[in-house]
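Written out below as structure tokens is the structure these notes cover.
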Amino acid sequence: MQQEKMQEERPLLRINDNFKKIIITGDDIKKKTNEKGIITIGLLDFLLNDDIL
């Protein structure tokens, strides 16, 4: 699981800009922001909740 997480975060961390870095997953999870500022959110919340970001 940790390997997958690093694999998904690595390309986002290589981008040097000030845009939000977001990982959208098919799992039903609550919005989480890690120490690197990457937001992880479930697909349904992303699609149905206008205020989630």
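540 is the number of the first residue of the sequence shown in this note's numbering; add one for each residue after it. The C-beta atom is built at its ideal place from N, Cα and C for all residues, glycine as well. All figures in this text were calculated on a predicted structure; none of them were measured in a lab.
| Asked | Found |
| --- | --- |
| Own chain, CB closer than 8 Å to I562, minus 5 neighbours either side, in chain order | E547, E548, L551, I577, I578, T579, I580 |
| Check whether G565 and L582 have beta carbons under 8 Å apart | yes |
| Assumed close pair K570, I591 - CB separation to whole angstroms, cut-off 8 Å | 6 Å |
| Beta bridge counterpart(s) of K571 as assigned by DSSP | T579 |
| Through-space distance from N555 to M545, alpha-carbon basis | 17 Å |
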